[in-house]
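Yeah, the sequence shown ends on 582 if you go by the numbering used here, and it's all consecutive.
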Amino acid sequence: MAWCLASIIVAVALCSLLRWGASDYSLAIDITKGAIAVSAVLCLLHEAHRARQRRPVAERWKKRVAAGLSIMAVVAYFDGFRFAYPSFYHRWEYYHYYLGAKYFPEMGYDNLYKCTVIAQDEIGVVTYTDDVTGQLVTLDMSAEVRHPDRKIRNIGADNLLVHASGALAAPEECKAHFSSTRWSAFKADVRFFRTASEKGYWEAMQRDHGYNPPPVWTVMGRILAELHPATKGYMQLLTCFDSAYLIGVFAALYWAFGWRVCALAAIFWGCQSPAPFFWTGGAFLRHDWLFFVVLSACLARKRYHRLAGASMVYAGLLRIFPGLVVIGWLAVAGVYIFRHKRMARSHVQVLLGGVLAAAALLTVSVGVSGSDSYRQFYEHTLRVHDQTPVTNHMGLRVLVAHRFGTGVESGRMKYTMDTSLLDPFETWKEMRSERYAKYRLFGYAVIAASLGFFVHVCRRVRSLWVAGCLGQIFIILLSQITCYYYTFMLLSAPLTRRKRQLEIPLLCLAALSQGIWRWTSWNDDRYTLLTAAMLGFCYFLLYAFAREVRRADSRQASRALVAS
């Protein structure tokens, strides 16, 4: 306990010291993260050096250093506990996910922003006490939304910015779906979020991309949101669920793979740059999918196959993209069927657990969200939102659509952002979509070649958990998701239990990601490079296990030669 406490003190002190010499606190945090990752690499190199000299480091010291670095990484992830969000709840996140889930029957996926400006217009003038300054504030919400420069995202249509006046001109299009009681409750919740947020921050919220999760996520989200009106205390309470999920991730890794994998995962998670605290810290059920996808690998290793299948299905239905990991399981099962003309008993159990979980979750989600919810989800999230370029998207499509060049013809944000347009990124989005359409066949070829290589590797990888962890590459290849979902790269850590030589490269990836974050200033360049780094590392993992396949094939050929 003393060692852990000392690690927390050192991490916080390091953040504070770096703050003095940094131009901003975020720079100090990023330097700290990179330093922790590099320190962990140096410790591993020292361990290997001592092992070669036949003077191995004592196990107790390995555990102490691993625990210390893990705690420092976690403290750095939480920005040294100097939270950017007052009172430790993420207003932007809660506005979208608390309101989106609570009023899903009335608003669906498309009307959050329209209903918000109509509610503000009706609320009019309010007087409240500012949480930060303690001063009494008078605010005219109606004047805010009727300002000629007020814009909202036109979700459900072209996904571009439009003037709020369009929604205000037809209020009944929104209000007709609410009962009078529900409309009053919605206005009270909108009043809370507006008075809890600064004006510029609040208006920027309605220029985001709306409420997007699948109906299965809405089940738990709506249950929790319906329990209590939006208040500061309740938002803080709901934030604890995400903290519990994160603790659960590392507890599951410790249970299934041991202290070393758990520590490595914590250091990588705390030090990587695509998914920092900024995006989803203090949020509402943003890490449930991560817990269940990691848990599926842990359960598979512990041979709880039916539970593993159920956990994987739940993760996939919560956010869709985590389900792409199942391609690894399918590859292993397919190779087994090809060789033995039947399914392995463990594979049947996984399938049974997954089917039962899917049947139960889909039934409940339709009951909670409505029979039309999946059609709405497809239209809004998969057909419109997923096809709309976002500045912090990552994935193969980003690599295909990006061009490093100069001038407007390159299509980069640096040259195409135009503040004279209603949507400054309209030209950037159009050029990015056009470039992907032009080169998408190349993307398909990369996916096909990667799948072939993956199946080749899976000829000898019989473990479902190994194949599932390797299968994370298909999240990059087949989905275009925002950067903060790249915490799925935690699935790399369990693979070090099979191949310890992967530990140093994984930590180097975390350090490299911090370098990319600081070397680039425009989001499209930044996230393209980060995608390339993450995808390259996934190919490196496949290569490492392909060497095992080649050695196994070589031994089999030698035995056949001797037998002949």
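Heads up, the beta-carbon is just placed ideally off N, CA and C, and yes, glycines get one too.
Let's see if you can read the secondary structure: which residues bound the beta strand (DSSP E) around residue i?
i    : result
L509 : L509 -> no beta strand (DSSP E), and no H or E assigned at all.
Name the one or two DSSP bridge partners that residue i has.
i    : result
V143 : D158
H181 : K169
M412 : I499
So, for residue i: in the same chain, excluding its five sequence neighbours on each side, which residues have a beta-carbon less than 6 Å away from its beta-carbon?
i    : result
W540 : M431 and K432
E452 : none
R565 : none
V180 : N172
S160 : D139 and G142
L553 : I494
L45  : none
V56  : A529
S391 : P233
G266 : F309
I345 : G489 and F492
On a CA-only basis, which of the options is nearest residue i? Give me that one, please.
i    : options                   : result
V155 : H165, V144 and V163       : V144
P123 : N410, L495, F563 and V386 : V386
A466 : I491, K456, C487 and D167 : I491
R415 : R478, G86, A376 and G461  : G461
H246 : S383, M361 and A206       : A206
H365 : A375, L380, A376 and A349 : A349
G352 : A485, W307 and W201       : A485
S510 : I499, K456, A281 and D542 : A281
A248 : F268, R212, C289 and L342 : R212
V83  : E448, R72, A378 and A58   : A58
P294 : A66, A91 and F563         : A91
K456 : D436, R421 and F472       : R421
M330 : K51, V237 and L370        : L370
R168 : Q153, W220, W201 and A119 : W220
A562 : R516, Y545, W537 and T546 : R516
Anyone know if the C-beta pair for residue i and residue j falls short of 8 Å?
i    : j    : result
N172 : H403 : no
Y107 : G300 : yes
H411 : G174 : no
F395 : Y103 : no
A333 : S314 : yes
W347 : C316 : no
G413 : S497 : yes
L513 : C487 : yes
I47  : G86  : no
V368 : A326 : yes
H114 : D226 : yes
G228 : A94  : no
T409 : D542 : yes
A551 : L527 : yes
R109 : S261 : no
K80  : E65  : yes
L482 : A328 : no
Between which residues of its own chain and residue i is the CB-CB distance below 7 Å, once the five residues before and five after are set aside?
i    : result
N129 : C192
G39  : Confidence is the limiting factor: at G39 the pLDDT is only 48, short of 50, which leaves the residue's position unreliable and the question unanswerable from this model.
L117 : L130 and D207
F196 : E124 and F204
S468 : I491 and L495
Q224 : Y131, T134, I170 and R171
For the alpha helix (DSSP H) holding residue i, just list the boundary residues, first then last.
i    : result
Q394 : S391 to F395
F101 : Where F101 is concerned, there is no enclosing alpha helix (DSSP H), given that its DSSP letter is neither H nor E.
P123 : F122 to M125
R363 : R363 to S387
S438 : S438 -> no alpha helix (DSSP H), and no H or E assigned at all.
Q532 : E521 to W537
Y263 : K250 to F275
Y462 : E444 to V475
A318 : D306 to R319
G52  : Y43 to R70
W6   : The structure shown does not extend to residue 6, since the chain is modelled only from 19 through 582, so no value can be given for it.
F302 : Unbroken run through F302: none, as it is neither H nor E.
V353 : V344 to H358
H108 : Where H108 is concerned, there is no enclosing alpha helix (DSSP H), given that its DSSP letter is neither H nor E.
F296 : F295 to T298
Just to confirm my understanding: we take residue i, look at its own chain, exclude 5 residues before and 5 after, and list those with CB closer than 8 Å. What are they?
i    : result
L548 : S291, P292, M412, C501, Y504, S531, I534 and W535
R321 : S364
V384 : P233, S391 and Y392
E111 : T298, G300, A301, F302 and R304
Q254 : S105, F106 and Y107
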